[in-house]
Amino acid sequence: MAEKDSRRIFYFMTLNFAFMLVQAGYGYVTDSLGLLSDSIHMFFDCLALGVGLFAAVASKWPPSERFPYGFGKIESLSGFGNGVFLMLISVEIMIEATERLADGRETKRLAELFVVSALGLAVNLIGMACFGHHGHAGHDHGGHDHGHDHGHSHENVNSHDHHGHDHDHDHTHEHDHGNQTPLLSDAPPKAVSLAGHSHGHGHSHDNENMHGIFLHVLADTMGSAAVMVSTALIYLIGWNGWDPLASCVIAILIFMSSIPLIKSSAKKLLLTVPDDVEYNLRATLAGVSDLRGVASYTVPRFWMGDENEAERVLGVMHIVATRGSDIDDVRERTRDFLVGKGVDVVLQVERDGDLSCWCGRSGDKRSPATPGF
Amino acid sequence: MASSLPIPAPPRTPTPPTPIREEEQEMGGGLGINGISRTVRSTMALDPNSLSPMTDTFPSRFGSMGSPMSSSANTPTFNNFNNNNTMGPPPLNAGTLNPNSTSTSNPNPFNFQTQTIKETPLSTIAKSVWLLPPFSSEQRLYLLSEQEIYANYYPKNIGQRRGHRYKHSSVSAQHQIFLEPPPRAPLALPASLPVPTLREAWQSTANMDKAQRLRILWCACHALVAAYVLYSASGSLAMTALSHLIFFDAISASICVAVEIFCNFEVWKRSSIRHPFGLERAEVLAGFAMSVFLLFMSFDLISHNLKHVLESLGSHQPHHPHSHHRVSPGSIDSAAVLSIVATLISAVVLDNHKRIGKAMRFVYLDNLPGILSNPAHLLTLSCSTLMLILPLLSINIYIWLDRLLCTLTAVAMFALGTRLAMTQGLMLLMSYSGTGVSEVMQQVVREPMVVGVEEARFWQVHFGLCMANLKLRVTGDETQVGKLRERIALLVRNRLGGGYGKGSGLKWEVTVQCTIEK
Numbered sequence: 001m002a003e004k005d006s007r008r009i010f011y012f013m014t015l016n017f018a019f020m021l022v023q024a025g026y027g028y029v030t031d032s033l034g035l036l037s038d039s040i041h042m043f044f045d046c047l048a049l050g051v052g053l054f055a056a057v058a059s060k061w062p063p064s065e066r067f068p069y070g071f072g073k074i075e076s077l078s079g080f081g082n083g084v085f086l087m088l089i090s091v092e093i094m095i096e097a098t099e100r101l102a103d104g105r106e107t108k109r110l111a112e113l114f115v116v117s118a119l120g121l122a123v124n125l126i127g128m129a130c131f132g133h134h135g136h137a138g139h140d141h142g143g144h145d146h147g148h149d150h151g152h153s154h155e156n157v158n159s160h161d162h163h164g165h166d167h168d169h170d171h172t173h174e175h176d177h178g179n180q181t182p183l184l185s186d187a188p189p190k191a192v193s194l195a196g197h198s199h200g201h202g203h204s205h206d207n208e209n210m211h212g213i214f215l216h217v218l219a220d221t222m223g224s225a226a227v228m229v230s231t232a233l234i235y236l237i238g239w240n241g242w243d244p245l246a247s248c249v250i251a252i253l254i255f256m257s258s259i260p261l262i263k264s265s266a267k268k269l270l271l272t273v274p275d276d277v278e279y280n281l282r283a284t285l286a287g288v289s290d291l292r293g294v295a296s297y298t299v300p301r302f303w304m305g306d307e308n309e310a311e312r313v314l315g316v317m318h319i320v321a322t323r324g325s326d327i328d329d330v331r332e333r334t335r336d337f338l339v340g341k342g343v344d345v346v347l348q349v350e351r352d353g354d355l356s357c358w359c360g361r362s363g364d365k366r367s368p369a370t371p372g373f
Numbered sequence: 001m002a003s004s005l006p007i008p009a010p011p012r013t014p015t016p017p018t019p020i021r022e023e024e025q026e027m028g029g030g031l032g033i034n035g036i037s038r039t040v041r042s043t044m045a046l047d048p049n050s051l052s053p054m055t056d057t058f059p060s061r062f063g064s065m066g067s068p069m070s071s072s073a074n075t076p077t078f079n080n081f082n083n084n085n086t087m088g089p090p091p092l093n094a095g096t097l098n099p100n101s102t103s104t105s106n107p108n109p110f111n112f113q114t115q116t117i118k119e120t121p122l123s124t125i126a127k128s129v130w131l132l133p134p135f136s137s138e139q140r141l142y143l144l145s146e147q148e149i150y151a152n153y154y155p156k157n158i159g160q161r162r163g164h165r166y167k168h169s170s171v172s173a174q175h176q177i178f179l180e181p182p183p184r185a186p187l188a189l190p191a192s193l194p195v196p197t198l199r200e201a202w203q204s205t206a207n208m209d210k211a212q213r214l215r216i217l218w219c220a221c222h223a224l225v226a227a228y229v230l231y232s233a234s235g236s237l238a239m240t241a242l243s244h245l246i247f248f249d250a251i252s253a254s255i256c257v258a259v260e261i262f263c264n265f266e267v268w269k270r271s272s273i274r275h276p277f278g279l280e281r282a283e284v285l286a287g288f289a290m291s292v293f294l295l296f297m298s299f300d301l302i303s304h305n306l307k308h309v310l311e312s313l314g315s316h317q318p319h320h321p322h323s324h325h326r327v328s329p330g331s332i333d334s335a336a337v338l339s340i341v342a343t344l345i346s347a348v349v350l351d352n353h354k355r356i357g358k359a360m361r362f363v364y365l366d367n368l369p370g371i372l373s374n375p376a377h378l379l380t381l382s383c384s385t386l387m388l389i390l391p392l393l394s395i396n397i398y399i400w401l402d403r404l405l406c407t408l409t410a411v412a413m414f415a416l417g418t419r420l421a422m423t424q425g426l427m428l429l430m431s432y433s434g435t436g437v438s439e440v441m442q443q444v445v446r447e448p449m450v451v452g453v454e455e456a457r458f459w460q461v462h463f464g465l466c467m468a469n470l471k472l473r474v475t476g477d478e479t480q481v482g483k484l485r486e487r488i489a490l491l492v493r494n495r496l497g498g499g500y501g502k503g504s505g506l507k508w509e510v511t512v513q514c515t516i517e518k
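Taken in order, these protein sequences are the chains called H and D. If you're matching positions, the first sequence starts at 1 in full-length UniProt numbering and goes up one per residue. If you're matching positions, the second sequence starts at 1 in full-length UniProt numbering and goes up one per residue.
As structure tokens, then:
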């Protein structure tokens, strides 16, 4: 499946790039500014796709000396970067839209614009078809097939319903929600579906890289659809404000939809331990202090490792062994205990009273009983 | 004095406060003549620094300085702040305020521990049993089965009896030949610390003699300068690029101030289970987002530039005619001056870009003096100086020069952004980008005691912390292994820590797991 992902990205990137070249060439020949600036935009899309492709490929690389924990985090990183990029783009679109609204600039060459955005829409729809399945966590495929039917009912709920008929861009992300704001609904339905099965898997296999790419393509699709609709409206009604208005609405939608992506990937990159894992870890730590020979522990640090898609808890801990216990034995038993709990920890076992370590142990807080009289 | 303040227990939120286990009401065999008094030690190791030390201590080398007090004294902000705590973080001084607190971290000059002596009520029963008129066969039988009586009297004792039968005989009770393992209080779990809300963060700045609020104010001013430069650009692409750069600086400065404010809170530095390294990695993440921002702006500038070029190539009328004489030749461009001043103030007062600059050393910039060695400042300052000088020298800013400057700035921004993204992205990918790891590992392998290396992971957590986690197979006895561990820790610190003078401020946390082969 992993290779499938990167192949998908690659195909779509090639398509995007080819389309960009054709567009730029044709624009140059016909001296069309709209085509040329759109191909610049396409180029940046290709860059984003390239980053995503790199992340998808690199995430399979094995750990090395330079990257001791592998590249599991690179997909979160790429997703985070893509999310930030999308947010910035939407902010820029909004600024430009207000500028244009204030300027009241006239949109020229409507027919050309319409054709260009129609072509862009076609390309991006292919992309949506590619990434639509895997854009999200992948456990909510159920409603995908009948998504088309709901297009119109959602249309009315959407805030950008003034351009009556662009359910092209709606149906593709229909499959994971039934609530009011299609784009924002990423997080809540997931939470609901999580409640059904066991904890601990909600955050795994959540490919933020593909999510980011999906959002990017989605944004483009909506962009070209909006341009089509607004040019049609300008042509029909004659008010130039449609275009900035539509792009503003879409920018807001993009902005909102990238928030959950940024949040989830930021949590992963900050090495935050999820709630349920934290709960289990607390129980495990309490268990460690009950082990024979363990006087105390210092600097327990745990984080989620995600090498090769398998999530496990990694960590570091310093154990203080009681006097008279065999250090190697304490290490072995503690390690077995922790591995049994699914925690892979580097254990440094120290002797009680040995203050040489950096972990700043305050010493004999827990020494065995001195003979009382 | 902050160093004399005790460090009380952090709240152990999720687990209910487990009471110190009551001394097992155990009764020995039938020979207990006297009442048995047993000592119960109630010690709880609740030193937060042992779970997540915030400073590097070398107790062995500095002798008595390695006490927890001295190590915590290095972070006075927490203590200061919590003296007038009105908000989020757990009150550090609760232990001293509460007379009933059982915290044993009260500084005790005599290093003995309070011992609670309990008269077990069983002893009286034992006496009464013993004082019964003896030696009738029934009584003897009664005496023999006394255990059962006690078991009935204290039903919870069932199944808890263990160990030596004669432990509580008069002999052993008085001479402590048979030692029970001390009753163990559960070890302290790392406290879970609340992440402050924005409001709490704002309130916390009130305690810092207004300095932090002034800094926030300055960041706003910096952003205003950026807006002014953008406003005064009036079509000049180079000036627009400069305003983008200043805006970037302003946001970075705000992040610097935000980091400083978050340092008021314990959750920032102290590790907990939820945030194993505190929240300090958030700064790296914010820096990464900022580098994406820089890249985005450079793309934006380039595409704008391209559009302008395309427009002028074709027969189209440019949207906004360029004012080539934005500033009359020979006069001073106030926007450029303002941007230089703002950059300098942010660099000197707020230490803008400082930690990132340290993490990412450009070799060829290292020799430049002061803040110029920081690429971000260098870029902004050189751009604004150029914008200041060009009109002064009465050089007309032609369209092509304007475009060239804009393109140059954008390319520089792109380069800087890429570099920033790489440096911080690598950190976020849990890697160590410095050199010398392989040398260290070679030296470790060369140690005669080391039989094999199972795992060696060197990585940088955030701007101030690196970790080295090694799993070794070794031979030798316990003391030798301890020495080896010390040697490796020292080796890592000396080789990778940057040594003295350079002031990289990198702390290395070395953990060596030694499997002793027999």
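Positions of the beta carbon are idealized from the N, C-alpha and C atoms, including for glycine.
| Asked | Found |
| --- | --- |
| Cross-strand partners of threonine 318 (chain H) (DSSP beta bridge) | Contrary to the premise, residue 318 (chain H) reads as histidine rather than threonine in this sequence. In DSSP, histidine 318 (chain H) forms a bridge with H:Thr298 and H:Gln348. |
| Cross-strand partners of aspartate 306 (chain H) (DSSP beta bridge) | H:Glu311 |
| Methionine 449 (chain D) CB to nearest heavy atom of the ligand FAD below 8 Å | No copy of the ligand FAD appears in this structure; indeed no ligand is present at all. |
| Contact under 9 Å by Cβ, cysteine 406 (chain D) with alanine 226 (chain D) | no |
| Per-residue DSSP class, three states only, for aspartate 186 (chain H) | Caution is warranted here: a pLDDT of 37 is assigned to aspartate 186 (chain H), below 50, making its placement in the model unreliable, and the coordinate value is therefore given only provisionally. Coil, per DSSP. |
| Minimum Cβ-Cβ distance from arginine 281 (chain D) to chain H less than 9 Å | yes |
| Candidates D:Gly452, D:Val453 and D:Asn469: closest to glutamine 460 (chain D) by CA position | D:Asn469 |
| Contact set between the region 51-75 of chain H and chain D, restricted to residues whose Cβ is under 7 Å from the partner | Glu65, Arg66, Phe67, Pro68, Tyr69, Phe71, Lys73 and Ile74 |
| Within chain D, partners of threonine 231 (chain H) - CB distance below 9 Å | What threonine 231 (chain H) touches in chain D: nothing, since even the nearest Cβ is about 19 Å away. |
| Exposure of lysine 268 (chain H), with buried meaning 16 or more beta-carbon neighbours within 10 Å | buried |
| Cα-Cα separation, valine 288 (chain H) to asparagine 280 (chain H) | 12 Å |
| Separation of lysine 471 (chain D) from threonine 14 (chain H), as counted between CA atoms | 45 Å |
| Partners in chain H for arginine 274 (chain D), counting only beta-carbon separations shorter than 7 Å | Thr272, Val273 and Glu278 |
| Identity of the residues DSSP links to alanine 468 (chain D) by a beta bridge | D:Phe458 and D:Val510 |
| Member of D:Leu496, D:Asn374, D:Phe288 and D:Gly434 whose CA lies at the smallest distance from the CA of residue 387 (chain H) | Within the shown structure, residues of chain H are numbered from 1 to 373, placing residue 387 (chain H) beyond reach of any answer. |
| Closest residue to alanine 122 (chain H) among H:Asn16, H:Leu35 and H:Gly79 (Cα-Cα distance) | H:Asn16 |
| Local conformation of arginine 7 (chain H) per DSSP, three classes | helix |
| Cβ neighbour criterion (16 or more within 10 Å) applied to valine 453 (chain D) | exposed |
| Closest residue to serine 230 (chain H) among H:Cys359, H:Cys248, H:Ile213 and H:Leu285 (Cα-Cα distance) | H:Cys248 |
| Interface residues of chain D facing isoleucine 327 (chain H) [CB-CB closer than 7 Å] | Glu478 |
| The region 240-247 of chain D in contact with the region 191-209 of chain D per 3-pair CB rule at 8 Å | no |
| Min CB distance glycine 425 (chain D) to chain H below 9 Å | yes |
| Assigned exposure category for leucine 61 (chain H) - 16 Cβ within 10 Å defines buried | Per the sequence shown, the amino acid found at residue 61 (chain H) is tryptophan instead of leucine. That one is exposed. |
| Beta-carbon proximity list for arginine 109 (chain H), same chain, < 8 Å, skipping 5 on both sides | Ser32 and Gly34 |
| Leucine 306 (chain D) versus aspartate 243 (chain H) - alpha carbon distance | 22 Å |
| 8 Å CB neighbourhood of threonine 98 (chain H) in its chain, flanking five on each side removed | Pro244 and Cys248 |
| Cross-chain neighbours of tryptophan 459 (chain D) in chain H, by beta carbon under 9 Å | Phe67, Pro68 and Tyr69 |
| Contacts of isoleucine 126 (chain H) in chain D (Cβ-Cβ under 8 Å) | Those do not exist, as isoleucine 126 (chain H) stays about 24 Å from chain D at its closest Cβ, beyond 8 Å. |
| Exposed unless 16 or more other CB atoms sit within 10 angstroms - verdict on asparagine 367 (chain D) | exposed |
| Under 8 Å by beta carbon: chain H residues contacting glycine 482 (chain D) | Glu350, Arg351, Asp354 and Ser356 |
| Which of helix, strand or coil DSSP assigns to phenylalanine 43 (chain H) | helix |
| Cβ contact (3+ pairs, closer than 8 Å) linking the region 33-48 of chain H and the region 292-310 of chain D | yes |
| Closer than 9 Å at the beta carbon, the chain H residues around aspartate 249 (chain D) | Within 9 Å Cβ-Cβ: nothing; aspartate 249 (chain D) doesn't reach chain H, min ~17 Å. |
| Residues bridged to threonine 240 (chain D) (per DSSP) | According to DSSP, which records beta bridges pairwise, threonine 240 (chain D) is partnered with nothing at all. |
| Where isoleucine 216 (chain D) sits in the DSSP three-state scheme | helix |
| Contact check, leucine 338 (chain H) vs aspartate 329 (chain H), beta carbons under 9 Å | no |
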